[in-house]
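So the structure is just underneath, and the comments pick up after that.
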Amino acid sequence: MNEPTQNNQDNVYVIETDSLTKVYGNKKAVNNVSVHIRRGDIYGLIGKNGAGKTTLMRLILGLTSPTSGKIYINSSTALYAEREKIGSIIEAPGLYKSCSAYENLLRFSILYGADKDEIPSILSLVGLENVGKKKAGVFSQGMRQRLGIAIALLAHPDILILDEPINGLDPAGIKEIRDLLLKLNEEKKVTIMISSHLLDELAKIVTVYGIIRKGELVEEISAEELEARCGFYAKFVTSDDDKAASIIGSAYPDASVEKRADGLYMFNDLEMTAAINALLVKSGLDVSEIAKISYGLEDFFIERLGD
Amino acid sequence: MGRLLKFELRKLFTQKSTYILFGIMVGLSVLSVVVSNFSIIAVAMAEISGNKDASFAALNTLGSANFEIIVGIFVAMFVCADYDLMTNKNVLSRGFTKSEIYFAKLIVVYAVVIVELIALFAINFFVGWLTMGLKTNQDFGAFAAKISVLFIIALAETAMFFAISILLRKTGGSIALNIVTPIAVLLVFMLFDSLAKFEDFALAEYSFSMMQTNILMSPDFTKLPVYAVVCAGYAAFFLVASYFATVKRD
């Protein structure tokens, strides 16, 4: 096993997994996954139903045991202690439905060793300060999610792990949760790991994406990188794509070029496309196709998530 | 562990079902003492036992089906609530172990059952004393021995209810099983006896309900230590098996 990867203090991985695997029967729910979440990230875990998102989160939280692999929280493997710094909602918020929001927080404040005097300010932070004695069982789904987040916030977590917190919410509910998460990230410096199917919504808050498919982590990519890749790109089909990539790399060191099975893709410097064509031809390569293609967030994920 | 116990106790004292079930238990129990003064069957049972007085009323509490059913319901509701509501994830994900959760629930369940047993015993003794009086010429040593073994039987049954509930993790199903299992076990033991045809041994005698009945009705004290050991064995089996099943469960 590798030791946890460490950067400088501002760039420390608060959650890191190394070749994490979870097998149920014959099925690898999580297969050799190595995620890297830095302090201050909002890490969006994207994958289809059954891709392994929830299992990965459950593993990190200790709700299930890994078959193999390692988990580091704040670079430590003393996970029972480190998990005290994590707040979470997995699948659905765990609430006492016959109790008020205040009583729910009071019960968990005992468990988490939190100060009960802070309950009003936490309720206010999540916008539930005026619900009074209304029972959690009659809350709207958005209110339940916010109460779940309030419970998670009781012990001042450094990290929040939220599994599909915006699924099933109406647009107003989605906005409430989005605003709350941004506020927590910006004001309280909480690192957030969030999973969802709603790409457009995730794109509004996420700083790093982890793409998971059939239990395997396909790619980790920052929002800036993704933005650079989206928009337009150029595709070249040449008689020798390896040689073409090398020629473009030498002539345009800043160009982001990727060789794929069906051709050579260039994600920036698109204004140089004609010049690159001329250069490749001059270098003796046959260029059979040049295309400028529109490429969006959805295309990017669909390509990686499969059909 | 201390925080987990406080958390479980807070839940216990703030949920209405705790008080409702205890109220029902006291009500049924007092009613049965009062009725035993008039019911032909109950009066006959009291006469057979040799003591139709406060001690009989108190002993009857510990061996009554009312107590058994209410405890079965209480244990199922208390133990399964966190699994039904998924609040157990909030506990586990904060670094508490499955062992700690198991023992916190077990300690609270046993604390409640012991307090309820003592309270019911005292209440029924008092009501029995008011309605039937107290015979002062009885063998108080035998009385104490009977109480002790009935107490052990109740604790062993509680272990069974706890094991069923923590393994099933569903409130409704656990309530149903906790009510049905003592009867089902008796029937299975009786079936075994009818097939095995042993001359001097009956497995059914070691079912919870038969042991309770024998203690209440029989003047024979020689079986008391055997019953105590058998029940301690039952309790150990249910608790050890359910502990390992819980801890190993993913």
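For the record, the sequence lines run as chains A and B.
Quick note: the first sequence uses the working numbering, first residue 623, plus one each step.
Quick note: the second sequence uses the working numbering, first residue 464, plus one each step.
C-beta: ideal position from N, C-alpha, C; glycine also.
Delimiting residues of the beta strand (DSSP E) encompassing residue i
| i | result |
| --- | --- |
| Thr829 (chain A) | Per DSSP, Thr829 (chain A) belongs to no beta strand (DSSP E) and is neither H nor E. |
| Glu842 (chain A) | Glu838 to Ser844 |
| Asp640 (chain A) | Tyr635 to Tyr646 |
| His658 (chain A) | His658 to Arg660 |
| Asn653 (chain A) | Lys649 to Val655 |
| Asp785 (chain A) | Ile781 to Asp785 |
Chain A contact residues for residue i, given Cβ-Cβ distances below 7 Å
| i | result |
| --- | --- |
| Ser556 (chain B) | Leu683, Gly684, Leu685, Arg705, Ile708 and Ser710 |
| Phe470 (chain B) | Arg729, Ile732 and Leu733 |
| Arg473 (chain B) | Arg729 and Ile732 |
| Lys552 (chain B) | Leu685, Ile712 and Gly716 |
| Asp713 (chain B) | Thr686 and Ser687 |
Start-to-end residues for the alpha helix (DSSP H) that takes in residue i
| i | result |
| --- | --- |
| Asp863 (chain A) | Asp863 to Ala873 |
| Glu808 (chain A) | Pro793 to Glu809 |
| Thr644 (chain B) | Thr634 to Ala659 |
| Asp738 (chain A) | Checking the displayed sequence, the identity of residue 738 (chain A) turns out to be Lys instead of Asp. Lys738 (chain A) -> no alpha helix (DSSP H), and no H or E assigned at all. |
| Ser670 (chain B) | Segment: none, Ser670 (chain B) is in no alpha helix (DSSP H) and carries neither H nor E. |
| Ser562 (chain B) | Lys561 to Met595 |
| Val703 (chain B) | Leu687 to Lys711 |
| Val612 (chain B) | Phe603 to Leu631 |
| Thr676 (chain A) | Lys675 to Leu683 |
| Met765 (chain A) | Gln763 to Leu775 |
Nearest residue (CA-CA) to residue i, options the options
| i | options | result |
| --- | --- | --- |
| Leu802 (chain A) | A:Phe923, A:Glu846, A:Ser697 and A:Leu745 | A:Leu745 |
| Ser492 (chain B) | B:Phe588, B:Leu687 and B:Glu662 | B:Phe588 |
| Asp864 (chain A) | A:Pro875, A:Glu847, A:Asp876 and A:Ala883 | A:Ala883 |
| Phe537 (chain B) | B:Gly591, B:Leu484 and B:Asn551 | B:Leu484 |
| Leu467 (chain B) | B:Ile570, B:Tyr706 and B:Thr709 | B:Ile570 |
| Asp891 (chain A) | A:Ala873, A:Gly906 and A:Val903 | A:Ala873 |
| Ile586 (chain B) | B:Leu658, B:Lys609 and B:Gly490 | B:Gly490 |
| Val643 (chain B) | B:Ala517, B:Asp602, B:Leu654 and B:Ile627 | B:Ile627 |
| Lys479 (chain B) | B:Met540, B:Ala647 and B:Leu522 | B:Met540 |
| Ile799 (chain A) | A:Glu638, A:Ala825 and A:Ile771 | A:Ile771 |
| Asp792 (chain A) | A:Ser818, A:Tyr887, A:Gly764 and A:Thr813 | A:Gly764 |
| Arg473 (chain B) | A:Glu704, A:Ser731 and A:Ala700 | A:Ser731 |
| Leu522 (chain B) | B:Ile532, B:Ala582, B:Ala544 and B:Lys568 | B:Ala582 |
| Asn653 (chain A) | A:Arg660, A:Leu681 and A:Tyr635 | A:Leu681 |
| Ser495 (chain B) | B:Phe476, B:Ala520 and B:Lys469 | B:Ala520 |
| Tyr724 (chain A) | A:Ala714, A:Gly749, A:Thr676 and A:Leu907 | A:Gly749 |
Chain B contact residues for residue i, given Cβ-Cβ distances below 7 Å
| i | result |
| --- | --- |
| Ala714 (chain A) | Met549 |
| Tyr694 (chain A) | By Cβ distance, chain B contributes nothing, its closest Cβ being about 15 Å from Tyr694 (chain A), past 7 Å. |
| Tyr665 (chain A) | What Tyr665 (chain A) touches in chain B: nothing, since even the nearest Cβ is about 17 Å away. |
Chain B contact residues for residue i, given Cβ-Cβ distances below 8 Å
| i | result |
| --- | --- |
| Glu725 (chain A) | Thr477 |
Neighbouring residues, chain B, relative to residue i (Cβ below 9 Å)
| i | result |
| --- | --- |
| Leu775 (chain A) | The contacting residues do not exist; Leu775 (chain A) stays about 12 Å from chain B at best. |
| Lys719 (chain A) | Leu548 |
Chain-ordered chain A contacts of residue i [CB-CB under 8 Å]
| i | result |
| --- | --- |
| Leu467 (chain B) | Leu733 |
(request) Could you say if the stretch 733-740 of chain A and the stretch 769-785 of chain A meet the contact criterion of at least three C-beta pairs nearer than 8 Å? (result) The stretch 733-740 of chain A, when compared against the stretch 769-785 of chain A, does touch it at the 8 Å Cβ threshold.
(request) Enumerate, from N- to C-terminal direction, the unbroken alpha helix (DSSP H) stretches of 4 or more residues contained entirely within the stretch 874-923 of chain A. (result) 895-904
(message) Three Cβ pairs or more, each shorter than 8 Å: is that satisfied between the stretch 839-859 of chain A and the stretch 907-918 of chain A?
(response) yes
(request) Indicate whether the contact test is met: 3 or more Cβ pairs, each with one atom in the stretch 634-651 of chain B and one in the stretch 693-706 of chain B, closer than 8 Å. (result) no
(message) In chain order, what are the residue ranges of uninterrupted alpha helix (DSSP H) at least 4 long that sit wholly in the stretch 699-724 of chain A?
(response) As far as the stretch 699-724 of chain A is concerned, its whole alpha helix (DSSP H) runs of at least 4 residues are 701-704.
(message) Taking contact to mean 3 or more Cβ pairs, one atom from each stretch, closer than 8 Å, check whether the stretch 749-764 of chain A and the stretch 709-720 of chain A are in contact.
(response) yes
(request) Pair every Cβ in the stretch 655-666 of chain A with every Cβ in the stretch 816-836 of chain A, then say whether three or more of these pairs are closer than 8 Å. (result) Look at the beta carbons and you see the stretch 655-666 of chain A touching the stretch 816-836 of chain A: at least three pairs across the two are nearer than 8 Å.
(request) Pair every Cβ in the stretch 606-616 of chain B with every Cβ in the stretch 673-680 of chain B, then say whether three or more of these pairs are closer than 8 Å. (result) The way I'd put it, the stretch 606-616 of chain B does touch the stretch 673-680 of chain B; three or more beta-carbon pairs between them come closer than 8 Å.
(message) Just to confirm the assignment: which complete alpha helix (DSSP H) runs, minimum length 4, are found wholly within the stretch 472-556 of chain B?
(response) Counting only runs of 4 or more, we get 479-498, 503-512, 517-525, 528-547 and 551-555.
(request) Indicate whether the contact test is met: 3 or more Cβ pairs, each with one atom in the stretch 591-599 of chain B and one in the stretch 545-563 of chain B, closer than 8 Å. (result) Between the stretch 591-599 of chain B and the stretch 545-563 of chain B there are fewer than three C-beta pairs closer than 8 Å, too few to call the two in contact.
(message) Counting beta carbon pairs with one atom in the stretch 692-703 of chain A and one in the stretch 831-847 of chain A, are three or more of them shorter than 8 Å?
(response) Judged by pairs of C-beta atoms under 8 Å, the stretch 831-847 of chain A does not touch the stretch 692-703 of chain A, as fewer than three such pairs exist.
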